[in-house]
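In the numbering used here, the protein residues as written are 1 to 436.
Glycine included, each C-beta is placed from N, C-alpha and C at the ideal position.
Taking it in order: structure first as structure tokens, then the write-up.
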């Protein structure tokens, strides 16, 4: 058996790495309880709309499709994430083959397959799950449109960019990256005189229209939340080495230190050559860089002034890891593989035993028990309604398990995010709130 596996790995090293880590993630699924994000975006899907308070709706549509087909169970929610991340992995592989030799494709696949980043996408429902897929599909289509000169892929590129925007607003950097590449590529700049890039942008705008329409109907509340509110927070924080340290630590946890530090060095070298010598890389490398550098460097430069969440850089790694595979030394692969296996073993232990308690409500542990206790209280007392004042997380989880309406902080006039859209007028709910 051991000899057969060894022969298989030697013949199909890339497939072997993919099967190994996807099997590990599949084994983690039963250990992973419901996260508040799972419940919140499941709620999106139960109240279908063109968009939502804090994000577009693709993640909600994804969960609605899976739970309608297989039932509203935690394992179904997790399987939806795992399925889409597996599709993303396949698209990433196809994209790698356009830029890399087979040995370098193996490097890129190992970097992504072994990462905590892919495990996060496989185990927790966030808008990044569909975003990563449609971002990769956008690059896959645009590469064919530009370098193979196949016009139909301009339309597909616009379609996938639009679907990415229907997943998360970060996808606005896709058309930005496309224009950046065409402007700075001497050979491909002529394409700006053709109708095809503009057709792609037109399709992008058309597919994204539901998000604009919903915002227009709701006083642009989502755009304001993701832009004006974020910029106010930047002014509140000011320069903070602690924020920078937290950003670097979380990103190194996502893709591991050697890969992240190498990406920082690589980004610095490319920017230095461009700024100092106005020297651009080859078109293939420039294409990857146009979809990597704006997101990666943008959040990196912002990180000393604002808390950059761990998942905000996720789409930049699609082209970033392919770029890195050109230069990543093969002698580092063994340590990358060993670190990844150890980290995933520790994740399995933590998921199964909760040996390290999470001092936050961003946890998978204890929600079902909390719901059971709430059900007991509800049965023993006469309550008109249940609500939670912790933004959205407890209310979303209780909605998932209780199968009834649970309210959030908007009951007491605070921001309840999507709860405030679902239930904008709660004056009929009279209550007394006691806090200790």
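Within the continuous alpha helix (DSSP H) that includes residue i, where are the two ends?
i, result
"residue 171", "Segment: none, residue 171 is in no alpha helix (DSSP H) and carries neither H nor E."
"residue 149", "Note, residue 149: premise wrong, no alpha helix (DSSP H); not H, not E."
"residue 420", "418 to 422"
"residue 364", "Segment: none, residue 364 is in no alpha helix (DSSP H) and carries neither H nor E."
"residue 401", "393 to 402"
"residue 103", "102 to 113"
"residue 345", "333 to 353"
"residue 98", "74 to 99"
"residue 116", "116 to 123"
Please name the residue or residues paired with residue i in a DSSP beta bridge.
i, result
"residue 51", "56"
"residue 407", "387"
With 7 Å as the threshold, decide whether the Cβ of residue i is near any Cβ in chain D.
i, result
"residue 258", "The structure shown has no chain D; it contains just one protein chain."
On the premise that residue j lies in contact with residue i, defined as a C-beta separation below 8 Å, what is that separation, rounded to the nearest angstrom?
i, j, result
"residue 136", "residue 318", "5 Å"
"residue 185", "residue 286", "6 Å"
"residue 294", "residue 177", "6 Å"
"residue 351", "residue 31", "4 Å"
"residue 388", "residue 379", "That belief does not hold up - the Cβ atoms of residue 388 and residue 379 are roughly 19 Å apart, past 8 Å."
"residue 270", "residue 50", "With 8 Å as the limit, residue 270 and residue 50 do not qualify as a contact, their Cβ atoms being about 39 Å apart."
"residue 124", "residue 38", "7 Å"
"residue 320", "residue 299", "12 Å between Cβ atoms; not a contact."
"residue 151", "residue 198", "That pair is no contact at about 12 Å."
"residue 418", "residue 43", "7 Å"
"residue 226", "residue 313", "No, residue 226 and residue 313 are not in contact; Cβ-Cβ is about 16 Å, not under 8 Å."
"residue 324", "residue 266", "6 Å"
"residue 66", "residue 74", "Wrong, their Cβ atoms sit about 12 Å apart, outside the cutoff."
"residue 163", "residue 134", "4 Å"
From the options, pick the residue whose C-alpha is nearest to that of residue i; which is it?
i, options, result
"residue 306", "352, 200, 240, 392", "240"
"residue 399", "380, 422, 412", "422"
"residue 114", "402, 155, 19", "19"
"residue 132", "393, 168, 344", "168"
"residue 222", "24, 25, 416", "416"
"residue 348", "48, 51, 119", "119"
"residue 79", "98, 23, 109, 99", "23"
"residue 111", "242, 26, 77, 262", "262"
"residue 455", "338, 54, 258, 10", "Only positions 1 to 436 of the chain appear in this structure, which leaves residue 455 out of reach."
"residue 437", "27, 196, 52", "With the chain running from 1 to 436 in the structure shown, residue 437 is simply not present."
"residue 148", "98, 164, 105", "98"
"residue 289", "143, 15, 397, 76", "143"
"residue 15", "107, 162, 62, 326", "107"
"residue 58", "187, 68, 41", "41"
"residue 29", "360, 364, 153", "364"
"residue 296", "280, 170, 354, 195", "170"
"residue 35", "409, 194, 272, 121", "121"
"residue 257", "410, 117, 183", "117"
"residue 450", "390, 372, 280", "Residue 450 lies beyond the stretch modelled for the chain, which goes from 1 to 436, so this question has no answer here."
"residue 204", "309, 191, 280, 141", "141"
"residue 333", "86, 43, 8, 104", "104"
"residue 376", "153, 402, 357, 360", "402"
"residue 326", "253, 303, 96", "96"
"residue 406", "159, 397, 246", "397"
"residue 200", "153, 359, 267, 303", "153"
"residue 311", "277, 129, 279, 220", "129"
"residue 56", "335, 354, 303, 209", "209"
"residue 362", "211, 207, 344, 393", "393"
"residue 139", "94, 355, 126", "94"
"residue 25", "85, 68, 410, 224", "85"
"residue 21", "46, 386, 109", "109"
"residue 88", "160, 48, 47, 155", "160"
"residue 206", "282, 48, 157, 217", "157"
Check whether the Cβ of residue i lies closer than 6 Å to any heavy atom of the ligand SAM, and answer yes or no.
i, result
"residue 347", "Summarising the ligand content, the structure contains no ligands, and the ligand SAM is consequently not present."
Quick one: which unbroken alpha helix (DSSP H) runs of 4-plus residues sit fully inside the stretch 7 to 50? Chain order, please. 13 to 28, 36 to 46
Enumerated in chain order, which unbroken segments of the alpha helix (DSSP H) with a length of 4 residues or greater are wholly contained in the stretch 178 to 249? 196 to 217, 221 to 237
Contiguous alpha helix (DSSP H) assignments of at least 4 residues, all confined to the stretch 273 to 327: 283 to 290, 293 to 302, 316 to 327
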